[in-house]
Structure formats: C-alpha cells, structure tokens
Amino acid sequence: MSKSLKILEYLLLITAGLAALFFVGFYGFLMLMTINDQASYSGDTVDVGPIDYNSVITTAEKAGYDLSGPYTRLDKANLIEPGNIESLEKRFKTGYKISRIALYYNLNTYLEFRKDEKNQTLVTLYNYSHHDSAGDITPQMPSMFPEDPWMLKMLGMSLGLNEIDSGEFLKKLKNEASNKKGFVSLTTKENVDFPAVYAYLNQSKTTTFIGTEDKFYRNDTKLGCVGFVIPETTITRKYNSNKYNIYVNSTGLIRIDIMMPTGSAGKEIPEEEYRTVFREMFENVGLPVEKLDEIELNYTPSIW
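Spelled out as structure tokens, the structure:
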C-alpha cells in the first residue's frame, strides 16, 4: 500500500472516530437533558384577604410542612427601618421595612437611599440625562448635579442633617463623581428618617399608586417611590414525589405551584389529585379553602 493510501486511510479512520465521538456525546447530552428535565404547574397570585400570618406559619410547622424554601425575614436583611407610621402599620399589620427610597429631581435624575451589605446607608445619585456623540452615558460631573438647594433639602430631610452637614455630604458626593457614569454613590452611618420622607411625599403628591412599591406623582411628574419588604414564606409538602408549594405573605397574597421530579417531562397530575392535596394544605394551615377555586394552575411540560 502506497504512503498516500495509508495517509488517506488514517484520515478516514480519524474522521469516523470523531463522528462517532460527536454522536455519542450529543446523544449523551440529549439523554442528560431528558433525565434532568421536569414538568411543573404554576398559578397566579391571589388575595385571600386578611390572615393571621404568624398563626399560619406556626400551624404549618406543627403540621410538619417544610418551611425551608424561599422566605423573607425582616430581622435577617439589611433594610431601612420605617419608624412609626400609623397608616402603614394598619396596612401591613405584621410588620414591614423599606428596601429603597427614590426621590426624583426629574424623569432621569433621582436620589436613592438603601442599606448596603454592612448595614450602612448607601446614597446614590442617578443621572441618565447626559450622553456623548456616540450615545453613551458620559461621566458624572458636579455641573450635572441637580441644583444645590434641591440636593441640600433632600439630603437634610432624608438623613436628618442640618444645613452645614448636608453641605459637607454634598461636597463629598461631588468629589466622588469624576469617574462614574450615570451614577455616583456614597455611604454614611446616618440612618434614613423615613417618617420625614414619607410625610414629604404625601404632602407634595397629587396621586399615589399603591403596591409592593408605592409611586408618588405631582400631577404628571414622578415625585418619588418607596419599596416595601414584608414577611413571606414558602410552605412545602411532598406527595407522590411532587413538591407542592404555597407562597404566602403577611398581607394575604398567596401563590401556589407544583414542581415535579427530574425526568418527569411530559407527565401530568390529575387535577382532582393536585386540588385535593392543596385543599388539605389550606385547611391544615388555616387558609380559606374557597379561594383555591379562584386559582387556575398552568401546566408546563418541560423546563427546556
């Protein structure tokens, strides 16, 4: 056999080997996807009305349900303390804290207050009004800041600072601005005076849109927004290898879903079966069973 034929034979063998490896690998990948794939059911959020949230959680624990899924505990997060505001205490009942506050100078420029990972107050000025010829956001410059009187008023009110301290803080914020695009941040040990901020927003607004984040407007101009965090938890029960989850928060909003095990893609659960399981869970934790009839569960045959 000539040298050329031997080389051609080796090349054909290598090509065939690579093709076989590719086929085996691709087939294995498809098998892995199929084995790990799973079906699920999910429902919309429903308001079940006033509930005794603490009682629901205690009852769920006594019933042996798993409460280790996603949850929010107010004492475990770095959040802004709300102080005492009667209207919000009536609204949230079991407790609440603040995730963020934004005070708007205009549509593209606002001051934001939140807590950082060290539980310090993080003050950030966002300004997306200035772009270069290519359309990119330009670095922040002191000249791009809102007018000093507005900044001093917002900083003094929000952080409980006098005029001199507000001026010092603003000066530091401007010194941080040179290399930042679109925003500039500064931390402080001062806490947010939320009752003062909330009073300002309510006295200045003409319209409020209430939700997980309240939005305040003066006529058609955005004035500010406040993000609230309330207690919530996940109540889970396993039945026939399927995980039945009830997500409930302290205001009485609930959502339910079912996560089927890996390899369950395309499989379904009879509606009578899953409604029976959820009905028992509702009864056992003290949630109104009749609200279950308002929830339609949407089936997803695969996660891919």
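In this text, residue positions in the sequence shown follow the numbering used here: the first is 1, and each later residue adds one.
Cβ coordinates follow ideal geometry from the N, Cα and C atoms, glycine included.
Contact check, residue i vs residue j under 8 Å by CB: the rounded distance?
| i | j | result |
| --- | --- | --- |
| residue 190 | residue 184 | Between residue 184 and residue 190 the Cβ distance is about 17 Å, and since that is not below 8 Å, they are no contact. |
| residue 169 | residue 188 | 7 Å |
| residue 41 | residue 235 | That pair is no contact at about 16 Å. |
| residue 53 | residue 94 | 5 Å |
| residue 102 | residue 285 | About 36 Å; that fails the 8 Å criterion. |
| residue 96 | residue 210 | No, residue 96 and residue 210 are not in contact; Cβ-Cβ is about 13 Å, not under 8 Å. |
| residue 82 | residue 98 | 6 Å |
| residue 92 | residue 212 | Actually they do not touch by this definition, with Cβ atoms about 11 Å apart. |
Taking 8 Å as the limit between beta carbons, can you name the residues of its chain near residue i, skipping five residues before and five after?
| i | result |
| --- | --- |
| residue 38 | 259, 260, 261, 262, 263, 264, 265, 302, 303 |
| residue 239 | 277 |
| residue 298 | 41, 42, 43 |
| residue 283 | 289 |
| residue 162 | 156 |
| residue 148 | 170 |
| residue 279 | 289, 292 |
| residue 90 | none |
Between the beta-carbon of residue i and the beta-carbon of residue j, is there less than 7 Å?
| i | j | result |
| --- | --- | --- |
| residue 78 | residue 115 | yes |
| residue 182 | residue 100 | no |
| residue 104 | residue 150 | no |
| residue 241 | residue 197 | no |
I'd like the list of long-range same chain contacts for residue i, defined as Cβ closer than 6 Å, with 5 residues on each side in sequence excluded.
| i | result |
| --- | --- |
| residue 160 | 193 |
| residue 216 | 201, 205, 208, 223, 224 |
| residue 59 | 285, 286 |
| residue 124 | 112, 183, 185 |
| residue 273 | none |
| residue 29 | For residue 29, the pLDDT reaches just 39, beneath the cut-off of 50, and the residue's location in the model is therefore unreliable, leaving the point undetermined. |
| residue 275 | none |
Only counting the same chain, and skipping five residues up and downstream in sequence, which positions put a Cβ closer than 7 Å to that of residue i?
| i | result |
| --- | --- |
| residue 166 | 152, 155, 156 |
| residue 267 | 39, 260 |
| residue 120 | 187, 188, 189 |
| residue 204 | 218, 223 |
| residue 88 | 82, 96 |
| residue 171 | none |
| residue 61 | 67 |
| residue 129 | 108, 109 |
| residue 233 | 57, 67, 71, 248 |
| residue 253 | 45, 47 |
So is residue i in contact with chain D if we call contact Cβ pairs under 7 Å?
| i | result |
| --- | --- |
| residue 68 | Absent from the structure is chain D; it holds one protein chain and no more. |
**OP:** Please list the segments of the beta strand (DSSP E) lying wholly inside the segment 171 to 199, counting only runs of 3 or more residues, in order along the chain.
**Re:** 183 to 188
Original post:
Any chance the segment 43 to 53 sits against the segment 283 to 295, with 3 or more Cβ pairs inside 8 Å?
Top reply: These segments touch.
**OP:** Determine, using beta-carbon pairs with one atom in the segment 233 to 251 and one in the segment 66 to 76, whether at least three such pairs fall under 8 Å.
**Re:** yes
Subject >> 4 or more residues per run - each alpha helix (DSSP H) lying fully within the segment 53 to 111 >> reply: 53 to 62, 86 to 92
Original post:
Should the segment 101 to 110 be regarded as contacting the segment 215 to 233, the criterion being three or more beta carbon pairs within less than 8 Å?
Top reply: yes
Subject >> Runs of beta strand (DSSP E) lying entirely within the segment 219 to 275, each at least 3 residues, in chain order >> reply: 221 to 229, 232 to 239, 242 to 249, 253 to 259
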